[in-house]
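Data block below; observations after.
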Amino acid sequence: MTWTEIREEKDLKQAIEISKTKPVLIFKHSTRCAISSMMLSKLERNWNEKSTEKISPFFLDLISYRNLSNLVESSFGIMHESPQALLIHNEECIFDTSHGGINHDTLMDKADSAIS
């Protein structure tokens, strides 16, 4: 799985721009949290080429870039959690989940619903 990292505000703007044509996943990861690491690993193990065809994955290290995590929260009106997965389509958050709710198949289903 190849992530595009969000390290600057322009990276978040790029993700939002891409969402106009393809769903975008923003995965907010805490490097200090075992649950976050577990969910990241699970997502990466299940990700495949078809996943990337449907969804552009973006990664946000919220410990290093807390200001950007706050910007994601205010931009989409979604309360911060960690780990957290947000599915963005047409510049709006169409689905969000956290912790054990982060599931590859659910993300794929939500992406399919958004583009159909």
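Take the sequence shown: its position 61, counting from 1, is numbered 61 in the working numbering, and each next residue is one higher. All C-beta atoms in this analysis are idealised placements derived from N, C-alpha and C, irrespective of residue type, glycine included. In this text the structure is predicted, and so the values were computed from the model without any measurement.
Asked, Found
"According to DSSP, is T4 helix, strand or coil?", "strand"
"Give the range of the alpha helix (DSSP H) segment to which K42 is assigned.", "A34 to N46"
"Residues bridged to F58 by DSSP?", "T4 and I26"
"Verify whether the separation of the beta carbon atoms of E73 and H80 is less than 9 Å.", "yes"
"Taking contact to mean at least 3 C-beta pairs separated by less than 8 Å, is the region 56-69 in contact with the region 92-105?", "no"
"Let me know if I115 comes out buried or exposed under the rule of 16 or more other beta-carbons within 10 Å of its beta-carbon.", "exposed"
"Taking only three categories from DSSP, how would you classify E119?", "A query on residue 119 cannot be resolved here, the shown segment of the chain reaching from 1 to 116 and no further."
"For A85, which option in N67, N48, P23 and S113 has the closest C-alpha, if you only look at C-alpha atoms?", "P23"
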